[in-house]
Each structure stands twice: as structure tokens, then as C-alpha cells.
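First up is the structure itself, then whatever we jot down about it.
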Amino acid sequence: MKYLIGNHKMNLSEKELKVYFKDLKKVAKNASNYVGVCVPFVYLPLANKMCKCSKIHYGVQNMHYEKQGAFTGEVSANMLKDYNCELVVLGHSERRNLFFETDEMVNKKVLCALENGLTPILCVGETLEQREQKQTNKVLKKQIVSALNGVKKEDLTKMFFAYEPVWAIGTGKSATCEIAKKAIVFIKQTILKLYGLTDENLVVLYGGSLNAKNVNEILSEPEIDGGLIGGASLKVQEFEKLINFKN
Ligand code: 13P
1 MKYLIGNHKM
11 NLSEKELKVY
21 FKDLKKVAKN
31 ASNYVGVCVP
41 FVYLPLANKM
51 CKCSKIHYGV
61 QNMHYEKQGA
71 FTGEVSANML
81 KDYNCELVVL
91 GHSERRNLFF
101 ETDEMVNKKV
111 LCALENGLTP
121 ILCVGETLEQ
131 REQKQTNKVL
141 KKQIVSALNG
151 VKKEDLTKMF
161 FAYEPVWAIG
171 TGKSATCEIA
181 KKAIVFIKQT
191 ILKLYGLTDE
201 NLVVLYGGSL
211 NAKNVNEILS
221 EPEIDGGLIG
231 GASLKVQEFE
241 KLINFKN
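In C-alpha cells form, the structure reads like this:
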């Protein structure tokens, strides 16, 4: 089984999303893979209403780590839980780069999500410059080690990880299967080493221009546990082709 999770980012209207969920429910019903969708905060109540009694897992794309207080514009874990939220994307490169999220903030968010029974999808990835300077592993290690600070060993399987090279996001230029595999194996080994484990069922997804054309090549690699999909998750007719991936 693979994990196929859509990250809608700031796309689709309520009207569009209603049709989307109606269609996706039918696809998910017959799917043998895990199907998830992360929507903008305002549509979480709609996702809650429409995905109930379906095989669609749903969530959001960010949250704040404090319980409550004077944090204008932010949303807490408790608020998400009011709508039975399950997934929360954390540390996405768009949050890190456009909204200045630091490794420390990502770490606090991961801890808060786990404490509240939410499933974090922790994103890590290098920029093109960092890759060209052969800094990829160093960057990935730093992001992982700081994000997992204080996370208990037994919580590692209660979260998803996503390798999202910044240069592949929204560019139409996905990583090759080889590049994605190498980084994902490195991520898994880094986590195992950090916790002194030899084996654990870690789920690490690939994200970055994954689409109906390249999905078979990339997901056929056993080390890649699934995909975190932006653009290609916005239309059910396309997302369906990824969801129906078979080994
Ligand atoms: P694209 O699939 O649009 O490249 O986006 C990937 C992504 O950022 C998922 O979180």
C-alpha cells in the first residue's frame, strides 16, 4: 500500500471542493492505497462533513503550537480537533521560505500535533543551490534532527515524513526516482540512527511535481512510501491516476 496525500495549498473554492469531494469519495472507495487531502483551514468543516464515512483522510496545511492566546491569524490544534482533523502538513518549504518558519517553530508544531493526536506530515528538502553545493544530506539532517527534538521513539510511527526538494515543487521538474530514493533512504537512516533503532516502519513520502506521468516510475521504488502531491491533486481525474497506482 502507498500513501497518496494531496496538498491543495491555496486553491479551489468551496463550490469546487464540494464537487471534488463528491467525486473523490467514489475513487477512494475502491482504492487500495491510502488517500488523504489537506485543505485550507476554512474548508476543514466542509471536509469533516463530506469525508465522514468515507475512506478519505483529511487535514490542513499548518497550525500554531500554542494552546490559545493573542496570536492573530493563527489556528490551534484544539480548533482543528473540533472538526476531527487528522493530518497536518508541517514545515513545508513554502511556510519556511515565504512565512519565515524556523526549525524551532517546526519542532514545536510537531510536538504539539503529536500531543494532540494529530498526524504531522513533516516536510524536509533542500534548495537547488544547496544540492549543487552538495549540501543535501547536511540540510536534511539538520531539518530532521531539529524537528524531532523531544519526539518520543514510539511517536515516530504516528507521523509521516515527506522529502520535498524545493527545486522540484511546482516546477514540473520532479526528482528522478534515483534522487528521491537516495534522499528518502538517507532520511530513514538518519532517523533510525538518531533513535538507536535498527528497523522501524517509517513512512516517507516524495513530493515535488509528482503527476500521472511520472508516478509509476517514482512510486515503483519500494523505499518511497507514497507521494505528497500539489498541482496534480487539484483535479480528481488526475489525482485518481496517482491514487490507483499499483506495484
Ligand atoms: P507540486 O506537486 O505542485 O509540485 O507540489 C508539491 C508540494 O509542495 C506538496 O506539498
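So the sequence shown is residues 1 to 247, counted in the working numbering.
Built from N, CA and C at the ideal position, the CB exists for glycine as well.
Check	Outcome
Cβ neighbours of L219 in the same chain (closer than 6 Å, five flanking residues each side left out)	K2 and F245
Validate contact between the segment 142-160 and the segment 116-130 using beta carbons, cut 8 Å, 3 pairs	yes
Own chain residues within Cβ distance below 6 Å of E238, not counting five before or after	A212 and A232
Ranges of the beta strand (DSSP E) found wholly within the segment 156-239, counting only runs of at least 3	160-163, 203-207 and 226-229
7 Å CB neighbourhood of C177 in its chain, flanking five on each side removed	E217, I218 and E221
Same chain, Cβ closer than 6 Å to F21, five either side skipped, listed in chain order	M50
Residues sharing a beta bridge with V37, DSSP	G6 and Y58
heavy atom of the ligand 13P below 7 Å from A232 C-beta	yes
Cβ shell of K188 (< 8 Å), same chain only, five flanking positions each side left out	L202, V204 and E223
E101 Cβ short of 7 Å to the ligand 13P heavy atom set	no
Cut-off 7 Å between Cβ atoms - residues of its own chain near A77, not counting five sequence neighbours on either side	M63, C112, A113, N116 and L118
C51, DSSP secondary structure in three states	helix
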